[in-house]
Amino acid sequence: GAGVSQSPSNKVTEKGKDVELRCDPISGHTALYWYRQSLGQGLEFLIYFQGNSAPDKSGLPSDRFSAERTGGSVSTLTIQRTQQEDSAVYLCASSLQGAERSVYGYTFGSGTRLTVV
Amino acid sequence: AQSVTQLDSHVSVSEGTPVLLRCNYSSSYSPSLFWYVQHPNKGLQLLLKYTSAATLVKGINGFEAEFKKSETSFHLTKPSAHMSDAAEYFCVGLNTGFQKLVFGTGTRLLVSP
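As structure tokens, this is what we get:
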């Protein structure tokens, strides 16, 4: 597609429920990233995919968080047993690989605003 | 490891006056650096990027940034602020070891009439 697409744009869920957030990257972008932006805080790295593998999952805050990517394209971030502190905007970005990454940069989606009540 | 530091959490300017948003980076080798802008309730938009081809980088909407290795800085400037420039600006580095973006804490630009 023309840009990075994230769905849903807004999600309100009850504490304890599981949620799935979806990211559809730009076609041909092999790298995919998930970030979290909490109110009053900066952007926090969660996980990075190169193709379908995740060489860096260091940012996932707990084992309630997981992510997968299939077919080198769509990625799903799953949060199990949501807590109120999970409320944030979850941003996805995609990019080309290798040295091209530094040239063309990263394209971000508009994010999913998650509210846990 | 690479890190970026944005020196001001808020910058206030009057419309028509120059804008300076400061960013310092730490790295043992030439970094890849970006400036992104985020308008309220909008996604992140790439303003400009440093690719080592030129130290003075021009971006969209009249913004530019100069890479100064001696000062480890990559400050963002604009000669004349517009009301529409009011937003949050992020200086971002590329962690080449793990190929992930490292974000500064952001600078909120306020533009008054």
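Sequences listed follow chains A and B, in order.
Read in order, the letters of the first sequence are residues 1 to 117 in my numbering.
Read in order, the letters of the second sequence are residues 1001 to 1113 in my numbering.
All C-beta atoms, glycine included, are put in the ideal place defined by N, C-alpha and C.
Residues of chain C with CB closer than 7 Å to the CB of residue i, please, in chain order.
i, result
"residue 1106(B)", "In the structure shown, chain C does not exist; the protein chains are A and B."
In its own chain, which residues sit with a C-beta less than 6 Å from the C-beta of residue i, not counting the 5 before and 5 after it?
i, result
"residue 81(A)", "16, 64"
"residue 7(A)", "22"
"residue 1037(B)", "1045, 1047, 1087, 1089"
"residue 48(A)", "33, 56"
"residue 1103(B)", "1090, 1092"
Can you give me the Cβ contacts of residue i inside the same chain, cut-off strictly under 8 Å, excluding the 5 residues immediately before and after it?
i, result
"residue 1188(B)", "No answer is possible for residue 1188(B): the residues shown for chain B start at 1001 and end at 1113."
"residue 1101(B)", "1034, 1092, 1093, 1094, 1095"
"residue 74(A)", "22, 23, 24, 25"
"residue 13(A)", "19, 82, 114, 115, 116, 117"
Which of the three DSSP states is assigned to residue i in this structure?
i, result
"residue 1006(B)", "strand"
"residue 18(A)", "coil"
"residue 1015(B)", "coil"
"residue 41(A)", "coil"
"residue 1026(B)", "strand"
"residue 80(A)", "coil"
"residue 63(A)", "coil"
"residue 27(A)", "coil"
"residue 1112(B)", "strand"
"residue 87(A)", "coil"
"residue 1084(B)", "helix"
What residues are listed by DSSP as bridge partners for residue i?
i, result
"residue 13(A)", "116(A)"
"residue 1037(B)", "1045(B), 1089(B)"
"residue 33(A)", "48(A), 93(A)"
"residue 69(A)", "75(A)"
"residue 1074(B)", "1067(B)"
"residue 54(A)", "For residue 54(A), which the question treats as bridged, DSSP gives no partner whatsoever."
"residue 1050(B)", "1033(B)"
"residue 1107(B)", "1089(B)"
"residue 107(A)", "94(A)"
Comparing the CB of residue i with every heavy atom of the ligand ZN, is any distance shorter than 7 Å?
i, result
"residue 1025(B)", "This structure simply doesn't include the ligand ZN, nor any ligand for that matter."
Here's a check: name, in chain order, each residue in its chain whose Cβ is nearer than 7 Å to the Cβ of residue i, leaving out the five neighbours to either side.
i, result
"residue 52(A)", "69, 70, 72"
"residue 1074(B)", "1023, 1025, 1033, 1050, 1065, 1067, 1091"
"residue 29(A)", "94, 95, 96"
| message | Does the contact criterion of 3 or more C-beta pairs under 8 Å hold for the stretch 88 to 97 of chain A versus the stretch 36 to 46 of chain A? | response | yes
| Three or more beta-carbon pairs under 8 Å between the stretch 1015 to 1035 of chain B and the stretch 58 to 67 of chain A, yes or no? | no
| query | Between the stretch 15 to 38 of chain A and chain B, which residues of the former have a C-beta closer than 7 Å to a C-beta of the latter? | reply | 31, 33
| field | Residues of the stretch 1050 to 1068 of chain B whose Cβ lies closer than 7 Å to any Cβ of chain A, in chain order | value | 1051
| What residues from the stretch 68 to 80 of chain A come within 7 Å of chain B, judged by C-beta to C-beta, listed N to C? | none
| query | What residues from the stretch 1011 to 1036 of chain B come within 8 Å of chain A, judged by C-beta to C-beta, listed N to C? | reply | 1032, 1034, 1036
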